[in-house]
Amino acid sequence: MSIETEALLQEAKESIEAAQNYRSELQQRLHGLSQARKQVRGSSSQTREALRRHFTDLQTVLTRLLSERLAALLQEVDAIEQESVSPLDDCEVAIRCGIGEKEDKLGSFTKKALQIQLDSVASHPPVQIEELVERPGSVLVRWCKYEDAYIGKETEFLVLHLDPHTDHLFRVCARGEGRTEWSPWSVPQTGYTTLAPHEWRPGSEGYILSSRRNIAMRTAGPMDKRDSVGVCVDCQSGVESLQRDKAVCISTNGAVFVNGKEMTNQLPAISIGSTVTFDMEVVNLFPISNNNLNDGGNFKLRVTIGSGNREVVFDWLLDQGVDSLFFGSSFAHPGWKVLVF
């Protein structure tokens with residue numbers, strides 16, 4: 001063999017060995033890729049399983065909590081329903097019992113005998129409370145008038161001596177003229193007053209106040225023409241009488257004074273058990289600016305004073321606005337006791 005031939009054989013052998021080595025290396029890399037693919041797929045499967053298991057647990061817990069909350073809310077609704085329906089059921093039972101009793105009595109008599117024994121069946125509904133108005137230390141109860149079931153003007157009554165912010169139940173019934181039976185009671189209504197009762201100012205010399213400060217009794221003889229009760233703008237000590245400026249009053253002989261001047265109208269004299277009422281209504285404010293009572297101007301109040309079965313109405317003109325008034329009384333001699341409400 002020649003030298004060139006041997007060189008070519010040697011080069012061919014080296015090329016074959018290099019190719020075999022490269023093939024072996026590629027096969028190893030393919031094996032590595034296969035292993036990596038198996039690891040990724042295995043890890044993904046484990047992750048999917050873990051996520052499914054975790055969210056399944058969460059769904060179970062949330063479902064249980066929501067079910068418990070729903071059950072609690074339904075129980076609360078059932079309790080409120082039962083509490084609200086129970087009084088209605090009691091009323092229904094009471095009404096049905098009353099109907100049953102009346103039916104038993106109606107079945108025992110003829111219609112004519114029924115009218116003689118029990119009068120006629122009421123043709124009007126029960127009296128209903130129309131309005132509850134808070135007043136100082138009291139609640140004014142006003143009820144409706146249904147056709148001729150109640151004839152007269154007394155459709156309201158002032159309930160006195162009530163503590164503020166205390167609930168009271170009110171109900172009314174009525175009896176027609178010439179009848180002996182009363183109508184059924186109205187549906188009870190809850191009312192209360194947030195206004196504190198009127199009080200006499202303590203420290204007035206010559207007067208003793210009751211424990212609730214609503215009665216003032218003169219401690220130091222006979223009537224005096226200066227004796228009077230009324231309403232004033234300011235509270236002054238040492239003033240001999242309410243028959244002065246910035247005050248309206250009625251004297252014990254029934255004379256009415258406005259800003260110290262006696263009116264021509266006369267009311268009945270005040271005696272033991274007399275009731276005197278003062279009603280004030282703002283008529284006009286002028287020319288006060290910006291709704292400020294302290295800016296000056298004229299301030300007019302329409303005053304109604306009632307005593308016995310008579311009333312006087314007049315306009316009381318003040319030189320400036322006021323936001324509050326005071327009850328007042330002045331007596332020269334003892335023996336007077338005044339209750340304000």
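The working numbering numbers the first residue of the sequence shown as 1 and each following residue consecutively.
Ideal placement from N, C-alpha and C gives every residue a C-beta, glycine not left out.
Requested in this report: Buried or exposed for Q243, please, with buried defined as at least 16 other CB atoms from any protein chain shown within 10 angstroms of its CB.
Outcome: Residue 243 sits at position 243 when you count from the first residue of the sequence shown. Classification for Q243: buried.
Requested in this report: Below 8 Å on the Cβ atoms is my guess for A332 versus D224; work out the distance and round it to an integer in Å.
Outcome: Numbered from its first residue, the sequence shown carries residue 332 at position 332. Numbered from its first residue, the sequence shown carries residue 224 at position 224. About 4 Å separates the two Cβ atoms, so the contact holds.
Query - Distance, L65 Cα to H31 Cα - result: As a working note, residue 31 is residue 31 in the sequence shown. As a working note, residue 65 is residue 65 in the sequence shown. H31 and L65: Cα-Cα distance of roughly 51 Å.
Query - Spatial neighbours of V233 in its chain, beta-carbon cut-off 6 Å, leaving aside the 5 residues before and after - result: Your numbering for residue 233 matches position 233 in the sequence shown. Result list for V233: K246 and V322, in chain order.
**Report entry** Integer-rounded CB distance, given that V231 should sit under 8 Å from V312
**Finding:** Residue mapping note: residue 312 aligns to position 312 of the sequence shown, counting from 1. Residue mapping note: residue 231 aligns to position 231 of the sequence shown, counting from 1. Contact doesn't hold; Cβ gap of about 14 Å is too wide.
Query raised in the report: Is the distance from the Cβ of F278 to the Cβ of I305 below 8 Å?
Result: What you label residue 278 is simply residue 278 of the sequence shown in a count that begins at 1. What you label residue 305 is simply residue 305 of the sequence shown in a count that begins at 1. Result yes, Cβ atoms of F278 and I305 sit closer than 8 Å.
Query raised in the report: Heavy atom of the ligand FAD less than 7 Å from the Cβ of E156, yes or no?
Result: In terms of ligand content, the structure shown is empty, and the ligand FAD therefore cannot be addressed.
Report task. May I ask you to report which of helix, strand or coil DSSP gives L158? Result -> Numbered from its first residue, the sequence shown carries residue 158 at position 158. L158 falls in the strand class under three-state DSSP.
Requested in this report: Note the first and the last residue of the continuous beta strand (DSSP E) segment covering G260.
Outcome: As a position in the sequence shown, residue 260 is number 260, starting the count at 1. Counted as a single uninterrupted DSSP element, the stretch harbouring G260 is not any beta strand (DSSP E), since DSSP gives it neither H nor E.
Requested in this report: Could you round the C-beta distance between L160 and S138 to whole angstroms and report it? I think they count as a contact, below 8 Å.
Outcome: Your numbering for residue 160 matches position 160 in the sequence shown. Your numbering for residue 138 matches position 138 in the sequence shown. Yes, they are in contact, since the Cβ atoms of L160 and S138 sit about 5 Å apart, within 8 Å.
Query raised in the report: Going straight from the alpha carbon of F55 to that of G191, what length do you get?
Result: Locating residue 55 in the sequence shown gives position 55, where the first residue counts as 1. Locating residue 191 in the sequence shown gives position 191, where the first residue counts as 1. Roughly 57 Å between the two C-alpha positions.
Query raised in the report: With which residues is G230 paired in a DSSP beta bridge?
Result: Mapped onto the sequence shown, residue 230 falls at position 230. According to DSSP, which records beta bridges pairwise, G230 is partnered with C249 and G328.
Query raised in the report: Can you check whether the CB of D227 is closer than 8 Å to the CB of S251?
Result: Sequence index remark: in the sequence shown, residue 251 carries index 251 (1-based). Sequence index remark: in the sequence shown, residue 227 carries index 227 (1-based). The answer is yes: Cβ separation under 8 Å.
Query raised in the report: Should I80 go down as buried or exposed, given a rule of 16 or more other Cβ atoms within 10 Å for buried?
Result: By one-based count along the sequence shown, residue 80 stands at place 80. Burial call: exposed.
Requested in this report: Apply the 10 Å Cβ neighbour rule to T47 and answer buried if 16 or more other Cβ atoms are within range, or exposed otherwise.
Outcome: For this step, residue 47 is matched to residue 47 along the sequence shown. Exposed: under 16 other Cβ atoms inside 10 Å.
Query raised in the report: So what's N290 in DSSP terms, helix, strand or just coil?
Result: The residue given as residue 290 occupies position 290 in the sequence shown. Note that N290 scores 47 on pLDDT, short of 50, meaning its location in the model is unreliable; the coordinates nonetheless yield the value given after this. In this structure, N290 counts as coil in the three-state DSSP scheme.
**Report entry** H168 (DSSP reduced to helix, strand or coil)
**Finding:** Translated into positions along the sequence shown, residue 168 becomes position 168. Of the three classes helix, strand and coil, the one that applies to H168 here is strand, per DSSP.
**Report entry** Member of E156, P268 and K13 whose CA lies at the smallest distance from the CA of A174
**Finding:** Sequence index remark: in the sequence shown, residue 174 carries index 174 (1-based). Considering only alpha carbons, the answer is E156.
Query raised in the report: Hey, quick one: how far does the beta strand (DSSP E) through F341 stretch, first residue to last?
Result: Position 341 of the sequence shown holds residue 341. Per DSSP, F341 belongs to no beta strand (DSSP E) and is neither H nor E.
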